[in-house]
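In this note's numbering, the protein residues as written are 1 to 686. To start, the structure itself, in structure tokens.
Structural data, given as structure tokens:
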């Protein structure tokens, strides 16, 4: 037992007064003479014994009454196990989780409203003069200051759901920054976390808790955990063509306890419904749904996927975009003469626009507008060309390299080294046949029948001489076609944001028959089509993203706007140049999930899609017992878990912070002992 005001214990010295009174008998006795005192002696002895007992009991009652009266003023309490009570002003930080997962329903309505009610109960456990911080997932600047209780209640009423998501360690650090903002070391500092404690964001083991801070976890749980949401989507092919069937794969997740049945999934493109499907999904499972659609117009497509699920609705829509081109620009840089084989492939299809350029007359400014650059049998590479090619592929360009029969291996390997891909070995002059094809590679999409292996007697090209491709452990290289010796003939390499295809031989007839084989056409066409892919990856609201724009659009006269007409939204993104690339960023200005047009001079140059963070979609939470076990396992005595079910937090908080107060019991005992004293005085003789 401890005392809040131990200085009052000095008043126990008043106990000496009744003791002195009882030790000295100040009563005067009158002498009366009797002739026979035998019976009087017996009466005196009996009366004396009773009087002494009565005096002792009265003395004890008075002493106990005075003692407990002093204790009542000193305010005794049984201290909490994890806290040391201090008098004076206290600092309290209360985090109210207002992320989208708190839209779930509990026994008393939405979890957010329950959390706000619990926050009010916590504040009521303290004095109006104490200092309070209200923190939410929004991390607003105005919430980073300490206020009185009335102001705390006012801003608590203004809390609304937000798309922002933060981990427990980030929240705790924010609270500590406010509570320890000055040097008031003797002030009691307490943190409360009122949340549903999702497993996706609760990282207690990563948190650094100040030893002077008491942390209380206040879990709020939903009645049922149900959520069906669109996780992501992707195109089956990396390009979309006009008036051609296309396939979109949509990943749907059900993190709830109940099965989902016959839920409509809709695909809208430019506000027009293009596909619909009905989905059924077991609890705690994932499925992929394929939607087929056709595009009739070129340009940027604003796409949206939609399902209906209640009460968690923020993740029922998924926004994405892609660009459909009228035609594809292909540049062939030739070592000598343009290739008749390349001219035949791209010249006979109006969808492709082939431009031939001599190695010595290259227009580097045209690179940015090309979907594919073919390096056709160059003997060597200048340092300037190498750097321009590196810049092009880093930004997402596609390159197809066809070596010359008389290639300068040294300059080729300089190029490969800059691009971070495999190198060439010395030329091998021996006849070999291509004996293995990676039929599942995107270059062969639609070429071979699905689900069936290639026929063993398939007539494949014969190669007479080639440069062996020496793979590096650091390169992201994939063999597309292999020779009978085991050497790669065609490889696909990732470099920066782009892709590089490397052929092991020239297209000259003396070096092999590949340019005359039926496989040559789909390989070149598909490499160009893959390079035409223009899909801006959907961005997550609340995260600091940057997106690059073409150098051809950058000038002092161009001002970029990010616009959504439906939302009446228009901002100018912040721009900066990094590694010769112009990057735009919007920081935290995007609040709503939508497709946004990036415009300059009233022209749409791109579409950026923003979606809410899917971390909040997984409603798996830690129970009260799990939170208690986790904090015990970490051995941190500064953390405790408060059970909220059916309880008023004000009383629980008072006991937690100040222990069990006993002054009321002291008053009761004072009254009891005074009553005993009165009874002793009035009725003991009788």
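For glycine and all other residues, C-beta sits at the position ideal for the given N, C-alpha and C.
On a CA-only basis, which of the options is nearest residue i? Give me that one, please.
| i | options | result |
| --- | --- | --- |
| residue 107 | 221, 163 and 131 | 221 |
| residue 413 | 331, 468 and 90 | 468 |
| residue 497 | 337, 422 and 547 | 547 |
| residue 289 | 264, 313 and 301 | 264 |
| residue 267 | 260, 276, 607 and 342 | 276 |
| residue 699 | 188, 581 and 625 | Look at the range of the chain in this structure, 1 to 686, and you will see that residue 699 is not part of it. |
| residue 116 | 350, 127, 126 and 135 | 135 |
| residue 202 | 167, 223, 630 and 567 | 167 |
| residue 544 | 231, 586 and 325 | 586 |
| residue 121 | 152, 140, 102 and 139 | 152 |
| residue 612 | 431, 164 and 127 | 164 |
| residue 397 | 281, 672, 415 and 371 | 371 |
| residue 687 | 536, 538 and 441 | Lying outside 1 to 686, the shown extent of the chain, residue 687 is not represented and no answer is given. |
| residue 22 | 63, 176 and 12 | 63 |
| residue 692 | 145, 423, 11 and 302 | This structure cannot speak to residue 692, because the chain is shown only from 1 to 686. |
Check the DSSP bridge columns for residue i and list the partner residues they point to.
| i | result |
| --- | --- |
| residue 439 | In the DSSP output, where bridge partners are listed per residue, residue 439 has none listed. |
| residue 494 | 476 and 499 |
| residue 286 | 253 |
| residue 364 | Residue 364 is not bridged to any residue. |
| residue 562 | 571 and 598 |
| residue 640 | 216 |
| residue 147 | 132 |
| residue 317 | 306 |
| residue 432 | 463 |
| residue 512 | 463 |
| residue 60 | DSSP, once it has assigned bridges, lists no residue as partnering residue 60. |
| residue 482 | 436 and 488 |
For residue i, which three-state DSSP category applies?
| i | result |
| --- | --- |
| residue 159 | coil |
| residue 359 | coil |
| residue 370 | coil |
| residue 222 | coil |
| residue 131 | strand |
| residue 307 | coil |
| residue 231 | strand |
| residue 547 | strand |
| residue 523 | helix |
| residue 1 | coil |
| residue 325 | coil |
| residue 194 | strand |
| residue 687 | Nothing in the structure corresponds to residue 687, since the chain is present only between 1 and 686. |
| residue 617 | helix |
| residue 645 | coil |
What does the Cβ neighbour count give for residue i, buried or exposed, with the cut at 16 atoms within 10 Å?
| i | result |
| --- | --- |
| residue 131 | buried |
| residue 526 | buried |
| residue 632 | exposed |
| residue 258 | exposed |
| residue 683 | exposed |
| residue 319 | buried |
| residue 219 | buried |
| residue 594 | buried |
| residue 431 | exposed |
| residue 530 | buried |
| residue 65 | buried |
| residue 349 | exposed |
| residue 280 | exposed |
| residue 314 | buried |
| residue 198 | buried |
| residue 253 | buried |
Spatial neighbours of residue i within its chain, please: C-beta separation below 8 angstroms, excluding the five flanking residues on both sides.
| i | result |
| --- | --- |
| residue 294 | 243, 244, 245, 246 and 274 |
| residue 406 | 379 |
| residue 155 | 134, 142, 143 and 147 |
| residue 666 | 68, 69, 71, 72 and 76 |
Excluding five sequence neighbours on each side, which residues of the same chain lie with their C-beta closer than 7 angstroms to the C-beta of residue i?
| i | result |
| --- | --- |
| residue 488 | 469, 479, 482 and 504 |
| residue 510 | 464 |
| residue 223 | 105, 106 and 107 |
| residue 680 | 54, 57, 58 and 61 |
| residue 207 | 168, 169 and 172 |
Any Cβ of chain C within less than 8 angstroms of the Cβ of residue i?
| i | result |
| --- | --- |
| residue 445 | The displayed structure is made up of one protein chain only, and chain C is not part of it. |
Please work out which residues of its chain come closer than 6 angstroms, Cβ to Cβ, to residue i, disregarding the five sequence neighbours upstream and downstream, and give them in chain order.
| i | result |
| --- | --- |
| residue 309 | 228 and 316 |
| residue 523 | 443 |
| residue 179 | 91, 93 and 189 |
| residue 195 | 97 |
| residue 355 | 331 |
Answer yes or no: the CB of residue i versus the heavy atoms of the ligand GDP, is any distance below 7 angstroms?
| i | result |
| --- | --- |
| residue 358 | Here there are no bound small molecules, and the ligand GDP is not part of this structure. |
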